[in-house]
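Single-structure report; data block below.
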Amino acid sequence: MKKEQPKLKLIVGRNQGTIISQEAQRRLDSRINTLIRRMQDPTESEDTREKAKDALNRLIRKEEMKIQRVFEKGDEDASQLQWNIAMASRDHIAVDEGFLYRQMERIRSDNESAQMLLENLGRARWAIRRWERAHLLSEDGLKVKSETP
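Residues are numbered in our numbering as their position in the sequence shown, beginning at 1, plus a constant of 83.
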């Protein structure tokens with residue numbers, strides 16, 4: 084009696100888009116730049132500059148949480164992809180290599196986008212530290228320290 088050969092099935096999936104769109108990156112960069120300009124604008128009142136700094140701090144914290152989720156999602160997706168490949172191999176199921184490549188490319192792209200956003204947030208954090216160093220707390224409130232090159 085001949086052993087029956089398992090039928091090969093083809094696993095094909097649909098490519099999911101990237102989590103971080105180019106438009107979202109541009110909007111975030113624009114918000115960061117606007118807040119930095121307002122924070123560093125000597126024509127603005129001290130109160131307005133302080134509020135811009137606080138808003139930038141909140142934006143940084145919020146975006147860092149989103150970026151952390153992107154990295155976690157990428158790790159989950161990569162693990163799931165490895166699991167699917169292992170199970171397909173075990174069960175003699177053919178896998179669409181194009182699909183695998185697109186999924187790996189999406190994960191890589193999302194991680195690169197998240198890394199770029201982290202760099203932008205680092206630039207924003209640096210601007211806040213620089214602004215804070217230029218201001219000293221005195222009895223009368225915030226006193227601008229003269230900046231020396």
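Beta carbons are placed, not taken as given, at the ideal position from N, Cα and C, and that holds for glycine.
Keep in mind that this is a model prediction, so the values were computed, not measured.
Give the C-beta separation of residue i and residue j to the nearest angstrom, bearing in mind that I take them to be a contact with Cβ-Cβ under 8 Å.
i, j, result
"residue 210", "residue 119", "5 Å"
"residue 123", "residue 199", "23 Å between Cβ atoms; not a contact."
So, are the CB atoms of residue i and residue j less than 8 Å apart?
i, j, result
"residue 150", "residue 207", "no"
"residue 133", "residue 204", "no"
"residue 171", "residue 178", "yes"
"residue 239", "residue 121", "A query on residue 239 cannot be resolved here, the shown segment of the chain reaching from 84 to 232 and no further."
"residue 164", "residue 183", "yes"
Classify residue i as helix, strand or coil using the three-state DSSP reduction.
i, result
"residue 177", "strand"
"residue 222", "The pLDDT assigned to residue 222 is 44, lower than 50, so where the model puts this residue is not dependable; a value taken from the coordinates is nonetheless given after this. The answer is coil: DSSP assigns residue 222 none of H, G, I, E or B."
"residue 117", "helix"
"residue 124", "coil"
"residue 192", "helix"
"residue 217", "coil"
"residue 162", "helix"
"residue 172", "helix"
With a threshold of 7 Å, establish whether the CB of residue i neighbours any heavy atom of the ligand ZN.
i, result
"residue 109", "The ligand ZN is absent from the structure shown, which contains no ligands of any kind."
Using the rule of at least 16 other Cβ atoms within 10 Å of the residue's Cβ for burial, across every protein chain shown, is residue i buried or exposed?
i, result
"residue 158", "exposed"
"residue 105", "exposed"
"residue 186", "buried"
"residue 135", "buried"
Out of the options, which one is the CA nearest neighbour of residue i?
i, options, result
"residue 161", "121, 193, 175", "193"
"residue 152", "190, 138, 185, 217", "190"
"residue 139", "218, 114, 176", "114"
"residue 180", "116, 167, 131", "167"
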